[in-house]
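Just below is one structure, and these are the notes that go with it.
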Amino acid sequence: MRKSALTIRIAFLLSLVFIFASPGLVQAQKTGYVDTEYILQNIPEYQDAQNEIEELSKAWQEEIEAKYAEVDQMYKAYQADAVLLPEDLRQKREQEIVDFEREIKDLQKQRFGSEGDLFKKRQELIKPIQEKIFNAIEEIATKKNYGFIFDKAGGPVLMYVDAKYDISDEVLDQIGSIMGVRGN
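Numbering (our numbering), first residue to last: 296 to 479.
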């Protein structure tokens, strides 16, 4: 499990413990939830972004498949000619095939890698929509006095927390006093 996912799950569990361990506090603040999958499915801008990403992905995949077909043709032509070629020409053709395959793999990584073009395009198109959703959640939570907002889509994720419920500095102070080191 990735560290950030673990941190989110720990924060969620601590939030639940905090909420249910403090019955008086529960009446002082409210907890709500959202379904971001439902929200996203009902935002036309998101659907447009998803369609654009799918079209780009399909075009890039077709480009890569065409290049692999070209490598395949190069290899078949090489196999047919290999017996008749002198050693230096055979090695040259083999190297051309290997170099071209390497170029294709680099292109594949550039397009679909973890920091590739598809990731960047997704960030460019989807991140502003996600920010709008988060800002709306924060505005509603503040206006209606919600202390916590969870996202039920894809597992419980804490989307909003009113800062007045943050006891992190107190925890650091407590740990500091236990460890003999004073926190902020």
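Ideal Cβ positions, reconstructed from N, Cα and C, are used throughout, including at glycine.
Secondary structure at I428: helix, using DSSP grouped into helix, strand and coil. Here the segment 439–454 does not lie against the segment 369–382, with fewer than 3 beta-carbon pairs under 8 Å apart. For K325, the closest alpha carbon among the candidates N337, V466, I444 and N346 is that of I444. With fewer than 16 other Cβ atoms from the protein chains shown falling within 10 Å of its own Cβ, G471 counts as exposed. Sequence-distant partners of I392 (beyond 5 residues in either direction) whose C-beta falls short of 8 Å from its own C-beta, in its chain, are V366, M369, Y370 and Y373. 8 Å or more divides the Cβ of L413 from the Cβ of I359. In the three-state reduction of the DSSP assignment, D457 falls in the coil class.
The beta carbon of Y460 lies closer than 6 Å to those of G442 in the same chain, with the five residues before and after it left out. A Cβ-Cβ separation of about 6 Å places I334 in contact with I428 under the 8 Å criterion.
Contact annotation: G411 and K422 have beta-carbon atoms that are not nearer than 8 Å. Boundaries of the beta strand (DSSP E) harbouring K325: K325 to V329, taken from the DSSP string.
A direct Cα-Cα distance of roughly 20 Å separates Y455 from V466.
By alpha-carbon distance to Y363, the top candidate from E426, I399 and R417 is I399. Beyond the five residues adjoining it in sequence on each side, I424 comes within less than 8 Å, by CB distance, of L335, I338, E340, Y341 and A344 in the same chain, given in chain order. CA-to-CA, the gap between G408 and D394 works out to about 20 Å.
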